[in-house]
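Residue numbers in the sequence shown follow the numbering used here, run continuously in steps of one, and reach 211 at the last position. Each residue gets a CB set at the ideal place from its N, CA and C atoms; glycine is no exception.
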Amino acid sequence: LERDVAIKILNMEFSADSEALARFRFEAKSAAALNHPNIVQILEIGDVDGIAFIAMQLVRGETLAARIQRERPNIPAAVALMLKLCDAVGYAHRLQLLHLDLKPANVLINERDEPLVADFGLARHMNAKGQVEAQEVSGTPGYMAPEQVLIKEFRLSVGTDIYALGAILYDMLGGPPPHGRGAAADVMRRA
Numbered sequence: 021l022e023r024d025v026a027i028k029i030l031n032m033e034f035s036a037d038s039e040a041l042a043r044f045r046f047e048a049k050s051a052a053a054l055n056h057p058n059i060v061q062i063l064e065i066g067d068v069d070g071i072a073f074i075a076m077q078l079v080r081g082e083t084l085a086a087r088i089q090r091e092r093p094n095i096p097a098a099v100a101l102m103l104k105l106c107d108a109v110g111y112a113h114r115l116q117l118l119h120l121d122l123k124p125a126n127v128l129i130n131e132r133d134e135p136l137v138a139d140f141g142l143a144r145h146m147n148a149k150g151q152v153e154a155q156e157v158s159g160t161p162g163y164m165a166p167e168q169v170l171i172k173e174f175r176l177s178v179g180t181d182i183y184a185l186g187a188i189l190y191d192m193l194g195g196p197p198p199h200g201r202g203a204a205a206d207v208m209r210r211a
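Right, dumping it as structure tokens:
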């Protein structure tokens, strides 16, 4: 179609790992089912010479993490951005999908200053009760809800993503993320 796209390739180390390949394909199919102006659009998934790839909308701009590093938004700008992110994540929730790794690095800001949620690599479909039973601790410690750390005690739910959205807002306005920065084990313990 002669348009620029972004290509995500499964790390060559994991190409032969059937579980990693299944997660990669699940990410692509889950995100491809989402059609929202504030979610990065998946255009194609495939395999070339044994290398799995996802072709997606190319977002020219920067991550929210880079923007925060450069200059923290004022309160009205942060709230406006968060409303768009909340709408996008709410849309995914209505389709029974939890993101589970919301953080500033997974929010892309395009040339029109619009935020787009990216990287559904840890996403999971919710069961009929609106929950996910996690098998392993996963996410980014500074933005993880307590239930992502205590997976044996709690189920993941829309509240898990909502917590991460709150952590993003907290980071934008005052930073660092609510549980701070540092070694993953220390940050998870604080969570």
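| task | Please state if the CB of G141 and the CB of E47 are separated by a distance shorter than 9 Å. | result | yes
| said: Which residues does DSSP list as the beta-bridge partners of A19? | reply: Here the chain comprises residues numbered 21 to 211, so residue 19 is not present and cannot be evaluated.
| Is it true that the CB of A72 sits closer than 9 Å to the CB of A125? | The answer is no: Cβ separation not under 9 Å.
| What is the DSSP secondary structure of D69, counted as helix, strand or coil? | coil
| query | Once you ignore the five residues that flank T83 on each side, which residues in its own chain have a CB closer than 8 Å to its CB? | reply | Closer than 8 Å at Cβ, skipping near neighbours: P124, A125, N126, V127, L128, I129.
| D133 burial status per 10 Å Cβ neighbour count (16 or more: buried) | exposed
| Per DSSP, N130 forms a beta bridge with which residues? | G81
| task | Report all residues from its chain with a CB closer than 6 Å to the CB of A26; omit the five preceding and five following residues, and keep chain order. | result | Only M76, L78 meet the Cβ criterion.
| message | For G186 and G200, I'd like the C-alpha separation in whole angstroms. | response | 14 Å
| query | How many angstroms separate the CA atom of A138 from the CA atom of L105? | reply | C-alpha separation (whole angstroms): 11 Å.
| query | Who are H56's beta bridge partners in DSSP? | reply | DSSP output for H56 lists no bridge partner at all.
| request: Taking 9 Å as the cut-off, decide whether the C-beta atoms of Y183 and A165 are in contact. | output: yes
| query | Which class does P135 belong to by DSSP, given the choice of helix, strand or coil? | reply | Residue state, collapsed to three classes: strand.
| message | Taking the alpha-carbon of I74 as reference, which of H56, N31, V169 has the nearest alpha-carbon? | response | N31
| query | Could you give the residue range of the alpha helix (DSSP H) that holds K219? | reply | Past the edges of the chain, shown from 21 to 211, lies residue 219, and the structure says nothing about it.
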